[in-house]
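> Just passing along the structure, written as structure tokens.
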Amino acid sequence: MCVSLDFGYYFPRYKTLSSTRKEEFERLCTHIIDNPNMQIQLIGPKSLDNALSVPIDAAGLVAGHIAELFLGRTDILDRVLGHPLAFLFYTTRQAYLDAGGAMGGQFDPIRGAVMMEHKRLVEGFGAERPGVSPFLHEFGHMLDFVDIVLGGYRMTSDGMLPGLRKNDGAIFTPEARMLFIEGKQLERERYLALANSAARKPVSAYPIGHPYVFQNDGEFCAGYLELWLRNPNYFATQNPRLFDSYATLFKWDPRTAWPKDFDFYVLQNRAFFDSGEPLWPCGITVGEP
Ligand SMILES: [Zn+2]
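First residue of the sequence shown? That's 98 in the numbering used here, and the numbers climb one at a time after it.
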């Protein structure tokens, strides 16, 4: 498999690696794409023959995102790759809707599939640094639903990434779990304090995420993973324990690759809190340490 993508541009971590580790990253991408459980498909509208060939950039982008996250935890990745992982990209919005897609992208636990319009896979790559990444969000949902113990996908979400659950066996990372629960508790407290405050004018105690991700544990899981990858500097300042949870789980500090955040999400989230618009009810839970 030969991918002609500019890894250094699409995956900032790549640029921080030694030449040996760069080769490891590339081998990992090949390993991901060649895995028989991986299904990466391009699908056209119903009216056309659906057997379209997958553009090499789509396969490379999927593999690169996954490799960037799991380079230091191939033990977790190997467990994840033991499940059928489908990535279904649709050529048009209509093709996506015809297949049962909703909103801007989704993870379907019945099909075990991340589904979105193909063009959204490269969304956020037009500026100096990678930005908005619907793929990372939906992949976060996929990771939450992977059932490491029983195989396949669970039908309900508990908002925990593989390695954070006590029954995850050899990949369980107790320190990361403890930090995650403490950090999530703090986010929940900040959100509730804002929701219950008439003035809504905290100076430093904003939750990091948008009210959307406080609806339930699954959205929190997907949204915060994406925020950690795109705004690591702000994330670490606001909630160091939660930042360290991900850094411990993935054995990586994304600040080394991101001297400056992609702060679009942060600004948008803070603007929402400042707008005075009603907040979503808080539906996230915090598990037992
Ligand atoms: Zn979501």
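Heads up, the beta-carbon is just placed ideally off N, CA and C, and yes, glycines get one too.
Going by the C-beta, is E316 closer than 6 Å to any heavy atom of ligand 1?
Result yes, Cβ under 6 Å from ligand 1.
> Mind checking whether the beta-carbon of A302 lies closer than 6 Å to any heavy atom of ligand 1?
It does not: the Cβ of A302 is nowhere closer than 6 Å to a heavy atom of ligand 1.
> What is the C-beta distance between F184 and H238, in whole angstroms, given that I count them as a contact (C-beta under 8 Å)?
That pair is no contact at about 12 Å.
> Once you ignore the five residues that flank R176 on each side, which residues in its own chain have a CB closer than 7 Å to its CB?
I245, P259, I268.
> Given the structure, does A319 come close to ligand 1, in the sense that its CB is under 6 Å from one of the ligand's heavy atoms?
Under cutoff, so the answer is yes.
> Whole angstroms are fine: how far does the CA of A164 sit from the CA of N366?
C-alpha separation (whole angstroms): 28 Å.
> Which runs of the alpha helix (DSSP H) at least 4 residues long sit entirely within the region 113 to 148? Give them in chain order.
Fully enclosed alpha helix (DSSP H) runs of 4 or longer: 116 to 131.
> Three or more C-beta pairs under 8 Å: does that hold for the region 320 to 330 against the region 350 to 362?
The region 320 to 330, when compared against the region 350 to 362, does touch it at the 8 Å Cβ threshold.
> In the DSSP output, which residue or residues are listed as bridge partners for E374?
Bridge partners of E374: none, in fact.
> How many angstroms separate the CA atom of A333 from the CA atom of Y187?
So the alpha carbons of these two residues sit roughly 36 Å apart.
> Between the C-alpha atoms of M212 and E284, what's the straight-line distance to the nearest angstrom?
The straight-line gap from Cα to Cα measures roughly 29 Å.
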